[in-house]
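Below is one structure, written out as structure tokens, with a few remarks after it.
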Amino acid sequence: MDVYLVGGAVRDALLDIPIADRDWVVVGGSVEQMLELGCQQVGKDFPVFLHPVSREEYALARTERKQGRGYHGFEVNADASVTLEEDLLRRDLTINAMAVAENGDLIDPYGGKRDLDARILRHVSPAFQEDPLRVLRVARFRAQLAEKEFVIAPETLSLMQDMAQSGELHALVPERVWQEVSKALMTAKPSLFFDTLHQVGALAVLMPELDVLFAVPQSPQHHPEGDAGTHSLMVLDAAARLRDDLAIRFAALVHDLGKGVTPEDYWPSHPQHEMAGVPLVNALCQRYRVPKTIQRLAVRVTEWHGQIHAGGPSMPLSDQLAVLKGCDAFRQPDEFDAILTVCEADSRGRLGFENQSYEQKAYWRGALLAVQGVDARSLVSAGLQGEAMAQAIEQLRLACLDNFCTRWLDEQDS
Numbered sequence: 001m002d003v004y005l006v007g008g009a010v011r012d013a014l015l016d017i018p019i020a021d022r023d024w025v026v027v028g029g030s031v032e033q034m035l036e037l038g039c040q041q042v043g044k045d046f047p048v049f050l051h052p053v054s055r056e057e058y059a060l061a062r063t064e065r066k067q068g069r070g071y072h073g074f075e076v077n078a079d080a081s082v083t084l085e086e087d088l089l090r091r092d093l094t095i096n097a098m099a100v101a102e103n104g105d106l107i108d109p110y111g112g113k114r115d116l117d118a119r120i121l122r123h124v125s126p127a128f129q130e131d132p133l134r135v136l137r138v139a140r141f142r143a144q145l146a147e148k149e150f151v152i153a154p155e156t157l158s159l160m161q162d163m164a165q166s167g168e169l170h171a172l173v174p175e176r177v178w179q180e181v182s183k184a185l186m187t188a189k190p191s192l193f194f195d196t197l198h199q200v201g202a203l204a205v206l207m208p209e210l211d212v213l214f215a216v217p218q219s220p221q222h223h224p225e226g227d228a229g230t231h232s233l234m235v236l237d238a239a240a241r242l243r244d245d246l247a248i249r250f251a252a253l254v255h256d257l258g259k260g261v262t263p264e265d266y267w268p269s270h271p272q273h274e275m276a277g278v279p280l281v282n283a284l285c286q287r288y289r290v291p292k293t294i295q296r297l298a299v300r301v302t303e304w305h306g307q308i309h310a311g312g313p314s315m316p317l318s319d320q321l322a323v324l325k326g327c328d329a330f331r332q333p334d335e336f337d338a339i340l341t342v343c344e345a346d347s348r349g350r351l352g353f354e355n356q357s358y359e360q361k362a363y364w365r366g367a368l369l370a371v372q373g374v375d376a377r378s379l380v381s382a383g384l385q386g387e388a389m390a391q392a393i394e395q396l397r398l399a400c401l402d403n404f405c406t407r408w409l410d411e412q413d414s
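According to UniProt numbering, the stretch in the sequence shown is residues 1 to 414, in order.
Written out as structure tokens, the structure is:
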């Protein structure tokens, strides 16, 4: 048996990027030999194994032949006669189709090093189009390697467009789509993932409620960057600069979906787009089985971001309290702070506003801190309960907000 380091570890080493994990290909081996060595097989009837010590993946060299639709339906051949070159040929991109032998020699039958040096993402063979998930993977690699400024080869981009139009993307199961989306959201520049999907027509298939935003105008005064889709991607990148948090980045991406259903007669304004976006965000999350905690933050940001932007001492006290209640800030102050972070990204995700301060974040933090000072125990000792208790707490919170607003104004004037 011969063992080779393959895939992303080879690519990242050549790019001088820290290697996250290492995958290996075994040529000339068999399932029985791998099991005898103490390796644990991953999945039934699939030639991938975990090393007994390192727990790294070792896969038998294999070929794959498409038998059905989607990314399933592949006939796998992992016979000992399969060569390394045949195994590398089935991979998605040339930069992922390189291997390193045990003596350190680079094996590069499909020009991966050349494309790596030229910063090009290029498919290895026409078999690329047999797996629709590769459309998302190429888009993710573009976002993941943003700092290296990779571009997609024209012929690969054309193939991705054909795949988007073929209907094959509909065969992707929700979990796999969300897996790629969540990985892309955590890349160096996540907007490039969604921009790529939009370019090739895949976003219109997978997330039509997001794709439509690129045809929706906004107020030039407040949004000199142009359409709502461009704004959404700028907000996403702004959120990525602020926090290394999946829920925050997803909420930033979808917060303005409601603008996609604004009647054209109102354009470029979008009255009530916040509430209009809530069912769209819920539907998108349900479609891709997004974790509930991530969905909850996205929904709250969508519903309340307009009111949070308008926050300040001039906002009626009852409206301020409604925002804090609607965001469940009293019980979940950390999540409220995450909401404020997305709102900050929303403010900065506009052309010319990228480095502008967002005073509302400090204001709402102070407002919550002031209201948290209400002590319900004193009301209990006074014998209040039920509706009377609720009304008394309400009045105390409003009084706290009033005092906070006065202090805020005094500090601004000083």
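Ideal Cβ placement from N, Cα and C applies to all residues, glycine included.
Burial state of residue i (16 or more Cβ within 10 Å)
| i | result |
| --- | --- |
| residue 351 | exposed |
| residue 245 | buried |
| residue 344 | buried |
| residue 104 | exposed |
| residue 96 | buried |
| residue 59 | buried |
| residue 364 | buried |
| residue 309 | exposed |
| residue 407 | exposed |
| residue 267 | exposed |
| residue 142 | buried |
| residue 132 | buried |
| residue 275 | exposed |
| residue 83 | exposed |
| residue 292 | exposed |
| residue 38 | exposed |
| residue 44 | exposed |
Beta-carbon proximity check, residue i vs residue j, cutoff 9 angstroms
| i | j | result |
| --- | --- | --- |
| residue 258 | residue 187 | no |
| residue 415 | residue 54 | Beyond the ends of the chain as shown, which are 1 and 414, falls residue 415; an answer cannot be given. |
| residue 349 | residue 235 | yes |
| residue 42 | residue 32 | no |
| residue 255 | residue 232 | yes |
| residue 27 | residue 3 | yes |
| residue 328 | residue 300 | yes |
| residue 92 | residue 25 | no |
| residue 298 | residue 209 | no |
| residue 128 | residue 156 | yes |
| residue 206 | residue 260 | no |
| residue 250 | residue 294 | yes |
| residue 109 | residue 130 | no |
| residue 171 | residue 201 | no |
| residue 118 | residue 10 | no |
| residue 262 | residue 216 | yes |
| residue 123 | residue 153 | yes |
| residue 340 | residue 394 | no |
Cα-Cα separation, residue i to residue j
| i | j | result |
| --- | --- | --- |
| residue 228 | residue 8 | 35 angstroms |
| residue 211 | residue 243 | 25 angstroms |
| residue 226 | residue 342 | 20 angstroms |
| residue 147 | residue 371 | 44 angstroms |
| residue 281 | residue 319 | 24 angstroms |
| residue 88 | residue 136 | 20 angstroms |
| residue 151 | residue 199 | 13 angstroms |
| residue 416 | residue 401 | Summary: the structure shown does not reach residue 416, with the chain confined to residues 1 through 414, and so no result is reported for it. |
| residue 359 | residue 192 | 29 angstroms |
| residue 347 | residue 312 | 15 angstroms |
| residue 166 | residue 78 | 29 angstroms |
| residue 22 | residue 196 | 27 angstroms |
| residue 314 | residue 396 | 19 angstroms |
| residue 353 | residue 247 | 23 angstroms |
| residue 367 | residue 182 | 33 angstroms |
| residue 221 | residue 271 | 16 angstroms |
| residue 5 | residue 338 | 41 angstroms |
| residue 238 | residue 114 | 33 angstroms |
| residue 487 | residue 279 | Look at the range of the chain in this structure, 1 to 414, and you will see that residue 487 is not part of it. |
| residue 361 | residue 106 | 52 angstroms |
Backbone secondary structure at residue i - three-state DSSP
| i | result |
| --- | --- |
| residue 2 | strand |
| residue 198 | helix |
| residue 375 | coil |
| residue 99 | strand |
| residue 393 | helix |
| residue 26 | strand |
| residue 121 | strand |
| residue 351 | coil |
| residue 419 | Nothing about residue 419 can be read from this structure; the chain reaches only from 1 to 414. |
| residue 216 | coil |
| residue 33 | helix |
| residue 111 | coil |
| residue 357 | coil |
Closer than 8 angstroms: residue i CB and nearest the ligand MN heavy atom
| i | result |
| --- | --- |
| residue 295 | Annotation note on the ligand MN: not contained in the displayed structure, which lists no ligands. |
Give, in chain order, every unbroken run of the beta strand (DSSP E) that is at least 3 residues long and sits entirely within the stretch 38–94.
Complete beta strand (DSSP E) runs here, min 3: 48–50, 57–60, 63–66 and 74–77.
Which full runs of the alpha helix (DSSP H) of 4+ residues lie inside the UniProt domain "HD" (228–339), going along the chain?
Qualifying alpha helix (DSSP H) stretches, in chain order: 228–242, 246–254, 273–287, 292–309 and 317–326.
Give the list of continuous alpha helix (DSSP H) stretches no shorter than 4 residues that lie fully inside the stretch 141–186.
The stretch 141–186 is shown to contain whole alpha helix (DSSP H) runs of 4 or more residues at 154–166 and 174–185, in chain order.
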